[in-house]
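According to our numbering, the sequence shown holds residues 5 to 465 in order. Every residue, glycine too, gets a C-beta built ideally from N, C-alpha and C.
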Amino acid sequence: MGSNAPAKDKYEIDMCNGPLLGKILIFTIPVMLSGILQLLFNAADIVVVGRFAGSESLAAVGATSALINLLVNVFIGLSVGANVLVSRFYGSGQNSELSDMVHTAIATALVSGTALIFMGFLLASPALQLMGTPENVIHHSVLYMRIYFVGMPAMMVYNFGSAILRAIGDTRRPLYYLSAAGIINVVLNLIFVIVFSMGVAGVALATAISQTMSALLVLRCLMRSKGVYHLELRELRISRDKLLKMIQIGVPAGLQGALFSISNVLIQSSVNSFGSIAMAGNTAGSNIEGFVYTAMNSFYQTAISFTGQNYGALKFRRIGKILLICESSVILVGLVMGNLVYLFADPILHIYSSDPEVIQYGVLRMGIICTLYCLCGMMDVMVGSMRGMGYSIMPMIVSLTGACLFRVVWIYTIFQSIHTLSCLYWSYPISWGLTFLVHLACWIFVYRKLLRTKELVPAGK
């Protein structure tokens, strides 16, 4: 372990010493707000297109979300690996290793983002056809996806860059950058759709431009930093050793997200069978739920960074306290926000559409999923804690079996017998609850094993 502690600036948080609750909240709140702003990119797309381009265009944008997540999640998972490794190197004071990791992460982001452009262009039409996207929607969906994927290098750079900043405790600057990009996105949405009547092409283009702005700002931050995470563009390279470690942690996380998306693609295909009005209501409802999910997911990201730094500093007993605080917080946030948005579901859904049938379908989805959404947050925090300790394959297997496989089986058995949207939506909370219980058992096993290792915290730590 390096002997020199890194110099901290005003944006960094000391996660390894002192009381945890206050620091966790200071870290989490900007992550939560950043995630909500990022969701506003898509929400602005959906609201503008729903109000000014009609239900078919609204359904077209919604039909792409599960497929976009499927293609993107493996690469986003690599940023989780970058976060864990930067946290660990930072906590242990390994400054040279940390610098190599920063340059490898940004180089990987550029390469993966470029690869995603080609994947999006080639797979958009055949994949959407395979999902059974209706004829009156598919042309708009393909156009939206292809323009959206032009912004993939920027999306990857922002995600990897903000993962680096989160790992050293800086969650405020990513929030500032997304605020600027979010304003640009909303303004361009209105101009492209209302003034130039560009429809789904306009909202996709606005999103790509705003993502580019957030990526440029995070790159500028890393390049101007005088800390150990300073980025030099001329030193961008992919270190084989760091990439392999990032893959070891990140690919299971990414595969988990991608395979979860497969189950969501199947669910979207099942929703598609009820027609474009049901699709539009599902799109609006799931977009509102996204705000609750993002608020809860911030505690998953907090668990990764805090656990990673304390693991690197060999302060293992703090890891249990971190989990307890994050779980308690995510339950509170999930219950309050989930039930509040359901309570006001009708007026909120009117923002997306004035069609009473669309609103009815949206309320149906939110009544089942939002009220029990805290179970999803509890499940994710367990995964974040285990990934922070370096265990990525175990939570992947548990999540895929308990949630993804369960939903697929549900679709082909129970849903076939009770062919209603209510039955389809119930697969979500049941799978979250079952998966959380298995994750909890695995975490207890891993944590007890960690406390028994010979590297157990020395006296005084």
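(message) Just to confirm my understanding: we take alanine 11, look at its own chain, exclude 5 residues before and 5 after, and list those with CB closer than 7 Å. What are they?
(response) Counted from its first residue, the sequence shown places residue 11 at position 7. Because the pLDDT at alanine 11 is just 47, under 50, the model does not fix this residue reliably, and the point stays unresolved.
(message) Does the segment 326 to 341 come into contact with the segment 375 to 382, if we say contact requires no fewer than three beta-carbon pairs (one atom in each stretch) closer than 8 Å?
(response) Output reads yes: the segment 375 to 382 touches the segment 326 to 341.
(request) Ignore the nearest five residues each way along the sequence and tell me which others in aspartate 350's own chain have a CB closer than 8 Å to its CB. (result) Taking the first residue of the sequence shown as position 1, residue 350 is located at position 346. Cβ within range, chain order: Ile363, Val367.
(request) Note the first and the last residue of the continuous alpha helix (DSSP H) segment covering valine 199. (result) Within the sequence shown, numbered from 1, the residue matching residue 199 stands at position 195. Premise fails: valine 199 is in no alpha helix (DSSP H) and is neither H nor E.
(message) Between the alpha carbons of alanine 86 and alanine 171, how many angstroms are there, rounded?
(response) As a working mapping, residue 86 is identified with position 82 in the sequence shown. As a working mapping, residue 171 is identified with position 167 in the sequence shown. Taking the straight line joining both Cα atoms gives about 9 Å.
(request) Would you identify the three-state DSSP class for serine 229, choosing helix, strand or coil? (result) Stepping through the sequence shown from its first residue, residue 229 is reached at position 225. Reduced to three states, the DSSP call for serine 229 is coil.
(message) Once DSSP output is grouped into helix, strand and coil, what is the label at isoleucine 33?
(response) Residue mapping note: residue 33 aligns to position 29 of the sequence shown, counting from 1. Secondary structure at isoleucine 33: helix, using DSSP grouped into helix, strand and coil.
(request) Assign isoleucine 422 to buried or exposed, taking buried as 16 or more other Cβ atoms, counted over all protein chains shown, within 10 Å of its Cβ. (result) As a first step, residue 422 must be located in the sequence shown, where it is residue number 418. By the 10 Å Cβ count, isoleucine 422 comes out exposed.
(request) Find the nearest neighbour of isoleucine 418 within the set Gln260, Tyr315, Ser274, Asn291, judged by alpha-carbon distance. (result) What you label residue 418 is simply residue 414 of the sequence shown in a count that begins at 1. Nearest C-alpha to isoleucine 418: Ser274.
(message) For methionine 400 and threonine 439, which I take to be in contact (beta-carbon distance under 8 Å), what is that distance rounded to the nearest angstrom?
(response) Counting from 1 along the sequence shown, the entry for residue 400 is found at position 396. Counting from 1 along the sequence shown, the entry for residue 439 is found at position 435. That pair is no contact at about 12 Å.
(message) Pairs of beta-carbons, one from the segment 216 to 235 and one from the segment 55 to 69, closer than 8 Å: are there three or more?
(response) Contact check between the segment 216 to 235 and the segment 55 to 69: fewer than three CB pairs, one atom from each, fall below 8 Å, which does not count as touching.
(message) Please report the straight-line C-alpha distance between tyrosine 15 and valine 345, rounded to a whole angstrom.
(response) Walking along the sequence shown from the start, residue 15 turns up at place 11. Walking along the sequence shown from the start, residue 345 turns up at place 341. Those two C-alpha atoms are separated by around 33 Å.
(message) Given a cut-off of 8 Å on the beta-carbon distance, is the pair alanine 357 and glycine 54 in contact?
(response) In the sequence shown, counting from the first residue as 1, residue 357 sits at position 353. In the sequence shown, counting from the first residue as 1, residue 54 sits at position 50. Checking the sequence, you will find serine at residue 357 rather than alanine. Taking 8 Å as the cut-off, the Cβ atoms of serine 357 and glycine 54 count as close.
(message) Rounding to the nearest angstrom, what Cα-Cα distance links methionine 19 and valine 35 in this structure?
(response) To locate residue 19, count along the sequence shown from 1; it is residue 15. To locate residue 35, count along the sequence shown from 1; it is residue 31. Taking the straight line from one Cα to the other gives about 16 Å.
(message) I'd like to check one pair, proline 178 with valine 222: are the Cβ atoms closer than 8 Å?
(response) Counted from its first residue, the sequence shown places residue 222 at position 218. Counted from its first residue, the sequence shown places residue 178 at position 174. The beta carbons of valine 222 and proline 178 sit closer together than 8 Å.
(request) Could you tell me whether the segment 90 to 98 touches the segment 309 to 329, using the rule of 3 or more Cβ pairs below 8 Å? (result) For the pair of segments examined, the segment 90 to 98 was found to touch the segment 309 to 329: the number of CB pairs separated by less than 8 Å reaches three.
(request) Could you spell out where the alpha helix (DSSP H) holding arginine 150 opens and where it closes? (result) Taking the first residue of the sequence shown as position 1, residue 150 is located at position 146. Judged by DSSP secondary structure, arginine 150 falls within the alpha helix (DSSP H) whose first and last residues are 139 to 152.
(message) Please tell me whether isoleucine 415 and isoleucine 251 are closer than 8 Å, where the distance is taken between their beta carbons.
(response) Counting from 1 along the sequence shown, the entry for residue 415 is found at position 411. Counting from 1 along the sequence shown, the entry for residue 251 is found at position 247. For isoleucine 415 and isoleucine 251, no; Cβs fall outside 8 Å.
(request) Determine the contact status of methionine 398 and methionine 390, defining contact as a CB-CB distance below 8 Å. (result) As a first step, residue 398 is located in the sequence shown; it is residue number 394 there, counting from the start. As a first step, residue 390 is located in the sequence shown; it is residue number 386 there, counting from the start. Contact: yes.
(request) Taking 8 Å as the cut-off, decide whether the C-beta atoms of isoleucine 253 and valine 402 are in contact. (result) Reading the sequence shown from its first residue, position 249 is the one you call residue 253. Reading the sequence shown from its first residue, position 398 is the one you call residue 402. Contact annotation: isoleucine 253 and valine 402 have beta-carbon atoms that are not nearer than 8 Å.
(message) My assumption, with CB atoms under 8 Å, is that tyrosine 162 sits in contact with alanine 208. Please give the rounded CB distance.
(response) Numbered from 1 along the sequence shown, position 158 holds the residue referred to as residue 162. Numbered from 1 along the sequence shown, position 204 holds the residue referred to as residue 208. Distance from tyrosine 162 to alanine 208 at the Cβ level is roughly 17 Å; contact not present, criterion being Cβ atoms closer than 8 Å.
(request) Go ahead and pull the three-state DSSP assignment for aspartate 174. (result) Translated into the one-based positions of the sequence shown, residue 174 becomes position 170. Three-state DSSP puts aspartate 174 in coil, outside helix and strand.
(message) Suppose you measure from the CA of leucine 263 to the CA of leucine 25; what does that come to, to the nearest Å?
(response) Counted from its first residue, the sequence shown places residue 263 at position 259. Counted from its first residue, the sequence shown places residue 25 at position 21. One alpha carbon belongs to leucine 263, the other to leucine 25, and they sit about 34 Å apart.
(message) Helix, strand or coil for phenylalanine 419? Go by DSSP, reduced to three states.
(response) For the purposes of this step, residue 419 is identified with residue 415 of the sequence shown, where counting begins at 1. In this structure, phenylalanine 419 counts as helix in the three-state DSSP scheme.
(request) Determine the extent of the alpha helix (DSSP H) in which tyrosine 94 is found, giving its start and end residues. (result) As a first step, residue 94 is located in the sequence shown; it is residue number 90 there, counting from the start. Counting along the chain, tyrosine 94 sits inside the alpha helix (DSSP H) bounded by residues 59 to 96.
(message) Report the CB separation of threonine 211 from methionine 149 in whole angstroms; it is logged as a contact under 8 Å.
(response) Indexing the sequence shown from 1 puts residue 211 at position 207. Indexing the sequence shown from 1 puts residue 149 at position 145. Rounded to the nearest angstrom, the Cβ distance from threonine 211 to methionine 149 is 11 Å, too far for a contact under 8 Å.
(request) Classify arginine 244 as helix, strand or coil using the three-state DSSP reduction. (result) As a working mapping, residue 244 is identified with position 240 in the sequence shown. Of the three classes helix, strand and coil, the one that applies to arginine 244 here is helix, per DSSP.
(request) Apply the 10 Å Cβ neighbour rule to threonine 457 and answer buried if 16 or more other Cβ atoms are within range, or exposed otherwise. (result) Within the sequence shown, residue 457 is the residue found at index 453, counting from 1. It counts as exposed.
(request) Excluding the 5 residues preceding and the 5 following glycine 406 in the sequence, name in chain order all residues of the same chain whose CB lies nearer than 7 Å to its CB. (result) Walking along the sequence shown from the start, residue 406 turns up at place 402. Annotation for glycine 406: Ser435, Leu438, Thr439, Val442 place their beta carbon closer than 7 Å to its own, counting only its chain and skipping 5 residues before and after.
(message) Can you list, in chain order, the residues of its chain with a C-beta nearer than 7 Å to that of alanine 70? Leave out the 5 residues immediately preceding and following it.
(response) As a first step, residue 70 is located in the sequence shown; it is residue number 66 there, counting from the start. Scanning its chain for C-beta atoms nearer than 7 Å, with the 5 sequence neighbours on each side dropped, one finds around alanine 70 the residues Ser265, Asn268, Val269, Gln272, in chain order.
(request) Name the two residues that bound the continuous alpha helix (DSSP H) containing serine 357. (result) Residue mapping note: residue 357 aligns to position 353 of the sequence shown, counting from 1. Counting along the chain, serine 357 sits inside no alpha helix (DSSP H), nor does DSSP assign it H or E at all.
(request) Measure the Cβ-Cβ separation of isoleucine 40 and phenylalanine 295 and say whether it is below 8 Å. (result) What you label residue 40 is simply residue 36 of the sequence shown in a count that begins at 1. What you label residue 295 is simply residue 291 of the sequence shown in a count that begins at 1. Result yes, Cβ atoms of isoleucine 40 and phenylalanine 295 sit closer than 8 Å.
(message) Once the 5 residues before and after serine 333 are set aside, which same chain residues still bring their CB inside 7 Å of it?
(response) Here residue 333 refers to the residue found at position 329 when the sequence shown is read from its first residue. Excluding residues within five positions, the ones whose Cβ falls inside 7 Å are Phe303.
(request) Using the Cα positions of glutamine 42 and leucine 182, report the straight-line distance between them to the nearest angstrom. (result) The count along the sequence shown starts at 1 and reaches residue 42 at position 38. The count along the sequence shown starts at 1 and reaches residue 182 at position 178. Their Cα atoms are separated by approximately 7 Å.
(request) Over the uninterrupted alpha helix (DSSP H) stretch that includes histidine 234, give me the two end residues. (result) Looking up residue 234 in the sequence shown gives position 230. In this chain, histidine 234 is not harboured by any alpha helix (DSSP H), its DSSP state being neither H nor E.
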